[in-house]
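Trainee: Read top to bottom, the protein sequences are chains P and H. Using our numbering, the letters of the first sequence correspond one by one to residues 105 to 226. Using our numbering, the letters of the second sequence correspond one by one to residues 652 to 956.
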Amino acid sequence: MRRLGELEAEIMDRFWRWNRPATVREVVDDINLHRDVAYTTVTTVTSILFHKGHLTRSRDGRVWLYRASASREAYAAALMEDGLGASEDREGALVQFVENLDADEIAALRKALRDVGRRAQQ
Amino acid sequence: MNAAPALLGYAAVVGVAAPSVMVRSAWPHRAPALGVTVWLALMLSFTLAAALAASSLATPTEHLHAGLVGLLHACGLGSGDARPVAPDPSTAGLLATALPGAVFAAVLGAFAHHLIRAGLLRARHRDRLDKVGVRSDRLRATVLPHGTPAAYCLPGFRSRVVVSDAAVRLLTEAQLEAVLEHERSHVSGRHHLPVAATKAFATVFPWVPLARHAREQTAVLVEMIADDRALRSHPDEVLATAMYEIAAGRTPRGAFGAGGTTALLRMRRILGPRRAPHPALRGSVASLAVAAPLLPLLVVCPPGV
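Okay, structure coming up:
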């Protein structure tokens, strides 16, 4: 399972870096520069990525051309929104370290820290 | 004897009076794990009292042994082949078994629903995270490329601790370690389970003050447990300054809704003297936590009756 997740990430990484439509063949060739991977495996995993909605595809003659359905930055931004609890989902699936505070609350934190610092110096 | 009034009275104490005592007490913040246990015990106790009261109301004239056996049977605790020993299979007898069963099924169902829903959301998040984020063996965390300083975790199956690269740049090595230790503690302590339990309870009994308080307080208490865990291996100021740096490094939230954030509460607690409550207090609270779920049973079936 871990292998599969890694390969998914490797494939997505290519599509994000290239930022253009590409064939499975191109992806396989590029991954093969670093390590051996079977064409059929990449075909399978690419198709999984398509069905999960990470890739879109269009036909060019007899081959499929794939491309990322959203940029890496858009993915990171959506994840961060989840992580900060800012998204619609209030199910609390994720637990963040500090919630977003307003300016007054941040000032109160600073004051609490300063007071301790002052006591330590005395 | 009909136990319904006694049970309803007991439910009122557990559902209304006990939470307001808990919220006003100082000890839960000093012994947060015990605090979470007591909230869970109160919810279990209330559920049991509500289930037994329902059963009792359905069979107003009878002592509840039959209903109780039925209840245990419904929970899968009774001996396998024992039929509920209702004196006669009347509608009342059936209700006496079915009502408490339904109360428990509702709570357990809501718990399962929350766990599954949150699990699916986390799985979806993890699927995307593993494509965008970079696993760091050194940090034992996934680094998410994003300009907002943040740290969070995906508890449960195939857990992840996540930190944004802005946070990695912002914090010192020691601060970062303290934050990650806090998050790892959420994962290893399975803090999502008690939190899901409070949500399940609130789904079934939304109008009971216990539901709201248990939900809010448990969320705060698990943060405190994680803070304490991080403070075992990291100095107070390191965790406190990390908290400040992350909060201050973000765009401040527009101020609407009074307070509600626990950051200042946690910060004062981290920096202040932390004394565990007296062992006698701990002991009595712990025994109360054990006794609370059993009390409704005693009301229904006093020993020797």
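Idealized CB from N, CA, C, for every residue including glycine.
1) Around the C-beta of Val-149(P), are 16 or more other C-beta atoms found within 10 angstroms, so that it is buried, or is it exposed?
2) Relative to the alpha-carbon of Leu-795(H), which residue among Pro-928(H), Arg-777(H), Met-894(H) has its alpha-carbon at the smallest distance?
3) Just the chain P side, please: which residues come within less than 7 Å of Leu-805(H) by C-beta, in chain order?
4) Taking all protein chains shown into account, do 16 or more other C-beta atoms lie within 10 angstroms of the C-beta of His-797(H), making it buried, or fewer, making it exposed?
5) Is the region 800-811 of chain H touching the region 838-852 of chain H in the sense that three or more CB pairs, one from each, lie closer than 8 Å?
6) What would DSSP say about Thr-823(H), mapped onto helix, strand or coil?
7) Give the residues from the region 673-704 of chain H that approach chain P closer than 9 Å (Cβ to any Cβ), ordered along the chain.
8) Under 9 Å, CB to CB, which of the residues in the region 176-189 of chain P have a partner in chain H?
9) Does the contact criterion of 3 or more C-beta pairs under 8 Å hold for the region 686-706 of chain H versus the region 857-877 of chain H?
10) Kindly give me the distance between the Cβ atoms of Arg-866(H) and Thr-854(H), rounded to whole angstroms, as I take these residues to be in contact under 8 Å.
11) Using DSSP with H/G/I as helix, E/B as strand and the rest coil, what is Val-812(H)?
12) Check this for me: beta carbons of Ala-207(P) and Pro-656(H), under 8 Å apart or not?
13) Straight-line CA distance for Val-814(H) to His-764(H)?
14) Using a Cβ cut-off of 9 Å, pull out every chain H residue sitting near Val-220(P), in sequence order please.
15) Kindly indicate if chain H contains any beta-carbon less than 8 Å away from that of Leu-108(P).
16) Helix, strand or coil: which one does DSSP assign to Trp-168(P)?
17) So the alpha helix (DSSP H) Leu-790(H) belongs to, where does it begin and stop?
18) Specify the secondary structure class of Glu-192(P) as computed by DSSP and reduced to three states.
Mentor: Answer, in terms of the structure:
1) buried
2) Arg-777(H)
3) Leu-198
4) Classified as buried, His-797(H) has 16 or more neighbouring CB atoms from the shown chains inside 10 Å of its CB.
5) The region 838-852 of chain H is in contact with the region 800-811 of chain H.
6) coil
7) none
8) Arg-176, Glu-177, Tyr-179, Ala-180, Ala-181, Ala-182, Leu-183, Met-184, Asp-186, Gly-187, Leu-188, Gly-189
9) yes
10) Arg-866(H) to Thr-854(H), Cβ: 10 Å. No contact.
11) strand
12) No, the Cβ-Cβ distance between Ala-207(P) and Pro-656(H) is not below 8 Å.
13) 28 Å
14) Asp-887, Glu-888, Ala-891, Leu-922, Gly-923
15) no
16) strand
17) Per DSSP, Leu-790(H) belongs to no alpha helix (DSSP H) and is neither H nor E.
18) For Glu-192(P), the predicted model reports a pLDDT of 48, less than 50, meaning its position is unreliable; a value from the coordinates is still stated below. Reduced to three states, the DSSP call for Glu-192(P) is coil.
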